[in-house]
Amino acid sequence: MTKSQYLVTARKYRPQRFGDLVAQAHVAQALINALRLERVAHAYLFTGPRGVGKTTAARILAKAINCTGNQNDEVEPCLKCPSCEDFETQRSLSIFEIDAASNNKVEDIRDLRENVRILPQGGRRKVYIIDEVHMLSNAAFNALLKTLEEPPPHVLFIFATTEPHKVLPTILSRCQRFDFRRIPTNEIVRHLTTICKSEEITADEDSLHLIANKGDGALRDALSVFDQAVALCGSNLNYSTLADALRVVDVDLYFEATRHITEQKTGAILSLAEQIISDGYDIREFLGGLAEHVRNLLITITLGENALVDISKNLRGRYTEAVKGFTETTLLRLLMVIDETQARLPVSTSPRLAVELALAKMTHLGESVDLSEALEQIRRLEYAGRGSQPTRAPQAPAPLPTQPAPA
Numbered sequence: 005m006t007k008s009q010y011l012v013t014a015r016k017y018r019p020q021r022f023g024d025l026v027a028q029a030h031v032a033q034a035l036i037n038a039l040r041l042e043r044v045a046h047a048y049l050f051t052g053p054r055g056v057g058k059t060t061a062a063r064i065l066a067k068a069i070n071c072t073g074n075q076n077d078e079v080e081p082c083l084k085c086p087s088c089e090d091f092e093t094q095r096s097l098s099i100f101e102i103d104a105a106s107n108n109k110v111e112d113i114r115d116l117r118e119n120v121r122i123l124p125q126g127g128r129r130k131v132y133i134i135d136e137v138h139m140l141s142n143a144a145f146n147a148l149l150k151t152l153e154e155p156p157p158h159v160l161f162i163f164a165t166t167e168p169h170k171v172l173p174t175i176l177s178r179c180q181r182f183d184f185r186r187i188p189t190n191e192i193v194r195h196l197t198t199i200c201k202s203e204e205i206t207a208d209e210d211s212l213h214l215i216a217n218k219g220d221g222a223l224r225d226a227l228s229v230f231d232q233a234v235a236l237c238g239s240n241l242n243y244s245t246l247a248d249a250l251r252v253v254d255v256d257l258y259f260e261a262t263r264h265i266t267e268q269k270t271g272a273i274l275s276l277a278e279q280i281i282s283d284g285y286d287i288r289e290f291l292g293g294l295a296e297h298v299r300n301l302l303i304t305i306t307l308g309e310n311a312l313v314d315i316s317k318n319l320r321g322r323y324t325e326a327v328k329g330f331t332e333t334t335l336l337r338l339l340m341v342i343d344e345t346q347a348r349l350p351v352s353t354s355p356r357l358a359v360e361l362a363l364a365k366m367t368h369l370g371e372s373v374d375l376s377e378a379l380e381q382i383r384r385l386e387y388a389g390r391g392s393q394p395t396r397a398p399q400a401p402a403p404l405p406t407q408p409a410p411a
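Under the numbering used here, the first residue of the sequence shown is numbered 5, with each subsequent residue one higher.
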């Protein structure tokens, strides 16, 4: 008995229908309506960050438009008809995927123009999915213009790109454009939870949020981190193990840092920075993480813990407790110190020193006063020493009335 071939999670759980797309309901509904009303355009442009479902949506649309198994008003691909099965086994003669990064010459587009004239084999329409279309050369774009303006009725173009500003305006004007969104952390966590149940993997909420945050809005990236996490921990994902293996500064250290700030312990926070550096973490990444931590404190104090949708419920409670030692003004000043330091780091000859100075400054924010208040205090002290209020500057005497000259 042979074992089935291993597939990475991103491929194994790749959406097969419009309803499976994660956090892209606006695109899915528009494409479903176009199919149902038979108003499918001849060219689409899917834009958005990497790993959010652009190519996946293009594949689903290509399958749906050539599917022969759906009935009545059903527009989702059936996944069982010959057309759907041929596509899944990469034997389709009607759906073509082209990587524009490696096929970006004008000769490649001329070959494509010759092929579009041939009628589809085993499908309703020939679909060309061109990924990273912004990589085409200007000559290639221009060679595509005429075909894109008046394509044969049996041809559909679907372009995908992460950089739409690099696509020629003449191409953009000939396409229906759909912008894909970054996927919220809570949506990624929900998707990971479903996968864990299917794979019989146990994971606490903090672990899943850690994986989702590493994805930074890209589901594909998060699923790659998930595969790495399973390789590290097996079927029981553990937060501390993951944080150490993925080189993520433990959130406990951020809470410790802000506690030192409220207690004005400069030595303690500098020792914490030394510990982080000794453990092999990048001090600049720590500063960025501290900015996110202080931001969460600010959101908690201004909007309440329920506004922290990107972190686990357990951490929300900790933020509610930690924020009691701060005021809104103090948190804003902390963020300004961090922002100023991050702006100087790229040109700093000693990034470590710059970060340590910023941390030390944070512990003394309560001692600093506004410049205008300081000047006013100095004036009050001067007046108190004289024992009187300040005298006004002497005014010039009023001019005497003019006397008439004697006759």
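Note that the Cβ used here is the ideal one computed from N, Cα and C, for glycine as well. Only a predicted model underlies this, so the values are computations on that prediction, with no experimental measurement involved.
{"Item": "Coil, strand or helix - Val-252 by DSSP", "Value": "coil"}
{"Item": "Cutoff 7 Å; reference Ala-68; Cβ partners in own chain excluding five residues on either side", "Value": "Leu-39, Val-79, Glu-80 and Pro-81"}
{"Item": "Cβ-based neighbour list, Gly-127, same chain, cut-off 6 Å, excluding 5 preceding and 5 following", "Value": "Asn-70, Ser-87 and Ser-98"}
{"Item": "Beta strand (DSSP E) runs wholly inside the stretch 162-231, at least 3 long, in chain order", "Value": "180-183"}
{"Item": "CB contact flag (Arg-299, Gly-55, <9 Å)", "Value": "no"}
{"Item": "Of the residues Lys-58, Tyr-48, Asp-220 and Asn-37, the one placed nearest Pro-19, counting alpha carbons only", "Value": "Lys-58"}
{"Item": "The beta strand (DSSP E) enclosing Phe-330, as first and last residue numbers", "Value": "Looking at the DSSP string, Phe-330 is not in any beta strand (DSSP E), and its letter there is neither H nor E."}
{"Item": "Ala-14 (DSSP reduced to helix, strand or coil)", "Value": "helix"}
{"Item": "Backbone CA spacing between Ile-287 and Asp-314 [nearest angstrom]", "Value": "23 Å"}
{"Item": "Where the beta strand (DSSP E) containing Lys-130 begins and where it ends", "Value": "130-135"}
{"Item": "As assigned by DSSP and simplified to three states, the class of Val-359", "Value": "helix"}
{"Item": "Member of Phe-50, Gln-125, Ile-134 and Ser-354 whose CA lies at the smallest distance from the CA of Asp-112", "Value": "Ile-134"}
{"Item": "Start-to-end residues for the beta strand (DSSP E) that takes in Ile-102", "Value": "99-103"}
{"Item": "For Ala-27, the three-state DSSP class (helix, strand or coil)", "Value": "coil"}
{"Item": "Where Gly-221 falls, given that 16 or more other Cβ within 10 Å makes a residue buried", "Value": "buried"}
{"Item": "Cutoff 7 Å; reference Val-373; Cβ partners in own chain excluding five residues on either side", "Value": "Note that Val-373 scores 47 on pLDDT, short of 50, meaning its location in the model is unreliable; the coordinates nonetheless yield the value given after this. Around Val-373: no qualifying Cβ."}
{"Item": "Beta-carbon contacts of Cys-85 that lie in its chain and below 7 Å, excluding the five residues immediately before and after", "Value": "Cys-71, Thr-72 and Gly-73"}
{"Item": "Extent of the continuous beta strand (DSSP E) run through Ala-272", "Value": "Looking at the DSSP string, Ala-272 is not in any beta strand (DSSP E); the run it does join, the alpha helix (DSSP H), is 270-282."}
{"Item": "Host alpha helix (DSSP H) of Thr-60 (start-end)", "Value": "58-70"}
{"Item": "DSSP bridge partner residues for Phe-50 (one or two, in chain order)", "Value": "Ala-164 and Phe-182"}
{"Item": "Sheet register partners of Val-159 (DSSP bridge)", "Value": "Lys-130"}
{"Item": "Supposed close pair Tyr-10, Ile-199 - CB separation, criterion 8 Å", "Value": "Not a contact, Cβ separation roughly 15 Å."}
{"Item": "Rounded C-alpha distance that separates Leu-312 from Asn-217", "Value": "13 Å"}
{"Item": "Assigned secondary structure, Asn-240 (DSSP; H/G/I helix, E/B strand, else coil)", "Value": "strand"}
{"Item": "Helix, strand or coil at Gln-125 [DSSP, three-state]", "Value": "strand"}
{"Item": "Distance between Leu-148 and Leu-172 (C-alpha atoms, nearest Å)", "Value": "11 Å"}
{"Item": "Inter-residue CB distance, Val-341 and Ala-362 (contact presumed, cutoff 8 Å)", "Value": "6 Å"}
{"Item": "Same chain, Cβ closer than 6 Å to Ala-207, neighbours up to 5 away in sequence not counted", "Value": "Cys-200 and Leu-241"}
{"Item": "His-169 beta carbon less than 9 Å from that of Arg-129", "Value": "no"}
{"Item": "Ala-14 beta carbon less than 9 Å from that of Asp-231", "Value": "yes"}
{"Item": "Three-pair Cβ contact test at 8 Å for the stretch 336-350 versus the stretch 273-284", "Value": "no"}
{"Item": "Test item: CB-CB of Ser-282 and Leu-246 under 9 Å", "Value": "no"}
{"Item": "Three-state secondary structure assigned by DSSP to Glu-42", "Value": "coil"}
{"Item": "Residue from Leu-49, Gly-238 and Leu-123 whose Cα sits closest to the Cα of Leu-152", "Value": "Leu-49"}
{"Item": "Leu-123 classed as buried or exposed, judged by whether at least 16 other C-beta atoms fall within 10 angstroms", "Value": "exposed"}
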